[in-house]
Amino acid sequence: MTEGITTAETQTAPGESSGTLASFVENVEEPEVLVERRREAWGVYESTPMPTRRSEEWRYTDLSSLAPERFVPLGRDGRRAETDVDLPAPVRDCLSSDSERSAVSIQHNGSMEHLRVDDELREKGVVYAPLSEVAASRPELLREFLFASDVAEKERKLWSLHSALLSDGYVLYVPANVALPHPVHAIRYLDRDGTVVSTHSLIIAEPGARLTCIDEYVSPDLAGESLSLNGVEIFGAENAIVRYLALQRYGAGVLHFSMQHANTGRDSMLSGMNVNLGADLSRADVTSHLDGAGAESEMLALWFGDGHQHFDHHTLQHHKAPSARSDLLYKGALSGSARSVFRGLIRVNPGAQLTDAYQTNRNLLLSPDAEATALPNLEIEADDVRCSHGASVGQVDETQLFYLMSRGLDRHQAERLLVFGFFQEVLNRVLVEGVRERIQESIEEKIGI
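When you line the sequence shown up against our numbering, it's residues 13 to 461, in that order.
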């Protein structure tokens, strides 16, 4: 394994001391390709109004008190963890639970502190490196792919803020017909309140490439609030297979906004999963652009909210080419006074004949004060398609609870069985055992077992 990282420009970002977002954007020193995109994005951000609840897409999530200007932006500071001992304890726990990785990186408060990649993969042309490094060594990759996704109007304000305040992130480039034997694991750790950290995952799979990538977000409970902005862009070329999983386990005090775009080429397959368990407010905008004929997209999600947590999921299955297939399954459970929103849209363009698309959202309420809103939608402009959607919101079945309790279980144990039975359809598709165990442990903590 090759350890450590190198970056083109690593320094403490001026925005940290000035406390102003504009100063951060203007004064960060970095390769030209990043400067261009950062400043262009800042212009879009300044000219775009903040979404309000008058917009249908933001009707259930109030951003009136967000005020990004009250957060201090975090940038690269050049620090590096030479050994695992130097890493925060929660990060070491993540590393110890999964033994086999093709590559791993740790980003701490916006700074890439640790990165290693199998030497064998480097020899095959695989690139796994910080954005700042790739901007200096392979700028053509960023000019072609970075921020190249088709972003909807509802995302534009936060997407441009994310792009302008980019702390760092990674590029994963897999050449044609190369298969990664194990997952690539990126851990983002945040433990400073009053800050905004913006990370980006750029995944490029050339024709016939095979890979699995995991992004994991971790923090303790913070004394104040911090803002987490995350962008994901996946480009799968012809016959590529990409599996992506985002596991969000932030503590209290974090406001997390994730904007994900998967771009699938001809006969390619993308399986994307989002697991949201932490943060006070979590919003995920997940779009699958089925650009090539025969493309396939699997979209999965699981969330469990308690206390006053608020989870908002917006999805788009955008069929642009014929004979493509997409299948969405989103499941959420809520206790306490938690709230969740699901708004999903299947959009079929004219000419995207023989589209096969499904959308399912299920919600389980464990308390009378929990509330879930489900809004599935179809927008079809082709006449030879098979599309369906469905959604449900329901309380725990008291008859099932009674049956389990009559067999000797107390109410907590019975609820645990029902919750894990409800989630099992999604959990079974988490192929990495250590990740699946961390999800199960987090759910058990919320249930109170």
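We treat Cβ as the ideally placed atom computed from N, Cα and C, and that holds for glycine.
- Message: Contact defined as beta carbons within less than 8 Å: I believe V196 pairs with R113. What is the distance between those atoms, to the nearest angstrom?
- Response: In the sequence shown, counting from the first residue as 1, residue 196 sits at position 184. In the sequence shown, counting from the first residue as 1, residue 113 sits at position 101. Their Cβ separation, rounded to whole angstroms, is 7 Å, which keeps V196 and R113 in contact under 8 Å.
- request: Report buried or exposed for G27, applying the criterion of at least 16 other Cβ atoms within 10 angstroms of its Cβ.
  value: Taking the sequence shown and counting its residues from 1, one reaches residue 27 at position 15. For G27, the predicted model reports a pLDDT of 35, less than 50, meaning its position is unreliable; a value from the coordinates is still stated below. Buried.
Report task. Could you please give the first and the last residue of the uninterrupted alpha helix (DSSP H) stretch that includes M510? Result -> As shown, the chain starts at 13 and ends at 461. That puts residue 510 outside it, with no answer to give.
Task: Pairwise C-alpha distance: G263 and T299 - done: Sequence index remark: in the sequence shown, residue 299 carries index 287 (1-based). Sequence index remark: in the sequence shown, residue 263 carries index 251 (1-based). Taking the straight line from one Cα to the other gives about 26 Å.
### Task
Starting from the Cα of A274, find the closest Cα among N288, A307 and A291 and give me that residue.
Counting from 1 along the sequence shown, the entry for residue 274 is found at position 262. Checked all of N288, A307 and A291; the closest Cα to A274 is A307.
Among G137, E218 and R66, which has the Cα closest to the Cα of G248?
The residue labelled residue 248 in the question sits at position 236 within the sequence shown. Put simply, of G137, E218 and R66 the residue whose alpha carbon is nearest the alpha carbon of G248 is E218.
Does the region 36 to 51 come close enough to the region 140 to 148 that 3 or more CB-CB pairs lie under 8 Å? Yes, since at least three Cβ pairs between the region 140 to 148 and the region 36 to 51 fall closer than 8 Å, the two stretches touch.
- Item | 6 Å Cβ shell around R204 - same chain, five flanking residues per side excluded | Against the sequence shown, residue 204 aligns to sequence position 192. Closer than 6 Å at the Cβ level, and outside the excluded window around R204, lie N121.
Are G265 and E228 close, meaning C-beta to C-beta below 9 Å? Counting from one through the sequence shown, the residue named residue 265 turns up at place 253. Counting from one through the sequence shown, the residue named residue 228 turns up at place 216. No. Outside cutoff.
So, for G31: in the same chain, excluding its five sequence neighbours on each side, which residues have a beta-carbon less than 6 Å away from its beta-carbon? Taking the sequence shown and counting its residues from 1, the one referred to as residue 31 is at position 19. Because G31 carries a pLDDT of 46, less than 50, the predicted location of this residue cannot be relied on, and no value is offered for it.
task = Determine which residues share a DSSP beta bridge with W315 and list them.
result = Along the sequence shown, read from residue 1 onward, the residue named residue 315 stands at position 303. W315 pairs with N288 and G344.
Checklist entry - Can you tell which of I253, H268 and E125 has the C-alpha that lies nearest to the C-alpha of W171? => result By 1-based counting over the sequence shown, the position of residue 171 is 159. Checked all of I253, H268 and E125; the closest Cα to W171 is H268.
When the Cα of P193 is compared with those of N242, A382, E132 and V47, which residue comes out closest? Residue numbering aside, residue 193 sits at position 181 when the sequence shown is read from its first letter. Closest option to P193, Cα to Cα, is E132.
Relative to the C-alpha of N189, which candidate in L202, A221, L341 and P388 has its C-alpha closest?
What you label residue 189 is simply residue 177 of the sequence shown in a count that begins at 1. Measuring from the Cα of N189, the nearest candidate turns out to be A221.
- Item | Proximity of N286 and L314 at Cβ, strictly below 9 Å | For the purposes of this step, residue 286 is taken as residue 274 along the sequence shown, with counting starting at 1. For the purposes of this step, residue 314 is taken as residue 302 along the sequence shown, with counting starting at 1. Judged by beta-carbon spacing, L314 lies within the 9 Å limit of N286, meaning their Cβ atoms are closer than that value.
- prompt: Taking Cβ to Cβ, would you say L439 is nearer than 9 Å to Q412?
  reply: For the purposes of this step, residue 439 is taken as residue 427 along the sequence shown, with counting starting at 1. For the purposes of this step, residue 412 is taken as residue 400 along the sequence shown, with counting starting at 1. In this structure, the beta-carbon distance from L439 to Q412 does not fall below 9 Å.
Express the C-alpha separation of R255 and G137 in angstroms, rounding to a whole number. Start at 1 with the first residue of the sequence shown, and residue 137 comes out as number 125. Start at 1 with the first residue of the sequence shown, and residue 255 comes out as number 243. Answer to the nearest angstrom: the Cα atoms are 20 Å apart.
Next item on the list: Give the straight-line distance between the Cα atoms of A369 and D74, rounded to the nearest whole angstrom.
Entry: Taking the first residue of the sequence shown as 1, we reach residue 369 at position 357. Taking the first residue of the sequence shown as 1, we reach residue 74 at position 62. Each residue's Cα considered, the two are about 31 Å apart.
Backbone secondary structure at R157 - three-state DSSP: In the sequence shown, residue 157 corresponds to position 145, counting from 1. Correcting the residue type first, residue 157 is Phe in the shown sequence and not Arg. The answer is helix: DSSP assigns F157 an H, G or I state.
For T19 and I215, what's the separation of their Cα atoms in angstroms? Working through the sequence shown from its first residue, we reach residue 19 at position 7. Working through the sequence shown from its first residue, we reach residue 215 at position 203. Low confidence applies here, because T19 scores a pLDDT of 32, under 50, leaving its location unreliable; read the following figure in that light. Near 19 Å, if we compare the C-alpha coordinates of I215 and T19.
**OP:** Taking the CB atoms as reference points, tell me whether E393 and V360 lie closer together than 9 Å.
**Re:** Against the sequence shown, residue 393 aligns to sequence position 381. Against the sequence shown, residue 360 aligns to sequence position 348. Contact: yes.
Worksheet item: Across which residues does DSSP place I253 in a beta bridge pair?
Response: Within the sequence shown, residue 253 is the residue found at index 241, counting from 1. In DSSP, I253 forms a bridge with R222 and M281.
- Compare the beta carbon distance of N373 and A345 with 9 Å and say whether it is the shorter of the two. Within the sequence shown, the letter at position 361 stands for residue 373. Within the sequence shown, the letter at position 333 stands for residue 345. Cβ distance not < 9 Å, so N373 and A345 don't count as in contact.
Check this for me: beta carbons of H325 and D292, under 9 Å apart or not? Start at 1 with the first residue of the sequence shown, and residue 325 comes out as number 313. Start at 1 with the first residue of the sequence shown, and residue 292 comes out as number 280. Not a contact, by the Cβ cut-off of 9 Å.
- [ ] Work out the CA separation of F414 and E445 for me, nearest whole Å.
- [x] Here the question's residue 445 lines up with position 433 in the sequence shown. Here the question's residue 414 lines up with position 402 in the sequence shown. Answer to the nearest angstrom: the Cα atoms are 32 Å apart.
Check: To the nearest whole angstrom, what separates the beta carbons of L377 and V209, a pair I think is in contact under 8 Å?
Finding: Numbered from 1 along the sequence shown, position 365 holds the residue referred to as residue 377. Numbered from 1 along the sequence shown, position 197 holds the residue referred to as residue 209. With a Cβ gap of about 33 Å, L377 and V209 do not count as contacting.
Would you decide whether P142 is buried or exposed? Buried here means 16 or more other CB atoms lie within 10 Å of its CB.
As a position in the sequence shown, residue 142 is number 130, starting the count at 1. Residue environment for P142: buried (at least 16 other C-beta atoms within 10 angstroms of its C-beta).
Quiz item: Would DSSP call G90 helix, strand or coil?
Solution: Counted from its first residue, the sequence shown places residue 90 at position 78. Reliability fails at G90, whose pLDDT of 49 lies under 50, so the model's placement of it is uncertain and the value that follows must be treated cautiously. Correct three-state label for G90: coil.
Here's the rule I'm using: 16 or more other beta-carbon atoms within 10 Å means buried, otherwise exposed. How should D303 be labelled?
By 1-based counting over the sequence shown, the position of residue 303 is 291. When all chains shown are included, D303 counts as buried.
Checklist line | Residue range of the unbroken alpha helix (DSSP H) whose run includes H174 | finding: Along the sequence shown, one-based indexing puts residue 174 at 162. Judged by DSSP secondary structure, H174 falls within the alpha helix (DSSP H) whose first and last residues are R168 to A176.
Measuring CB atoms only, is the region 383 to 398 touching the region 349 to 363, in the sense that at least three cross pairs come out at less than 8 Å?
Because the criterion of three Cβ pairs below 8 Å is met, the region 383 to 398 and the region 349 to 363 touch.
| task | Just confirm the distance between the C-beta atoms of Q329 and L340, as a whole number of angstroms; I'd bet it's less than 8 Å. | result | Here residue 329 corresponds to residue number 317 of the sequence shown, with the count starting at 1. Here residue 340 corresponds to residue number 328 of the sequence shown, with the count starting at 1. For a cut-off of 8 Å, the C-beta gap from Q329 to L340 is around 6 Å, short enough to register as a contact.
message: Just to confirm my understanding: we take E245, look at its own chain, exclude 5 residues before and 5 after, and list those with CB closer than 6 Å. What are they?
response: The residue labelled residue 245 in the question sits at position 233 within the sequence shown. For E245, where only same-chain residues beyond five positions count, the Cβ hits under 6 Å are S161, L214 and H273.
How long is the line joining the alpha carbons of N39 and R49, rounded to whole angstroms? Here residue 39 corresponds to residue number 27 of the sequence shown, with the count starting at 1. Here residue 49 corresponds to residue number 37 of the sequence shown, with the count starting at 1. Rounded to the nearest angstrom, the two C-alpha atoms are 14 Å apart.
**Simplified DSSP assignment, three categories, for L378** = As a position in the sequence shown, residue 378 is number 366, starting the count at 1. Coil.
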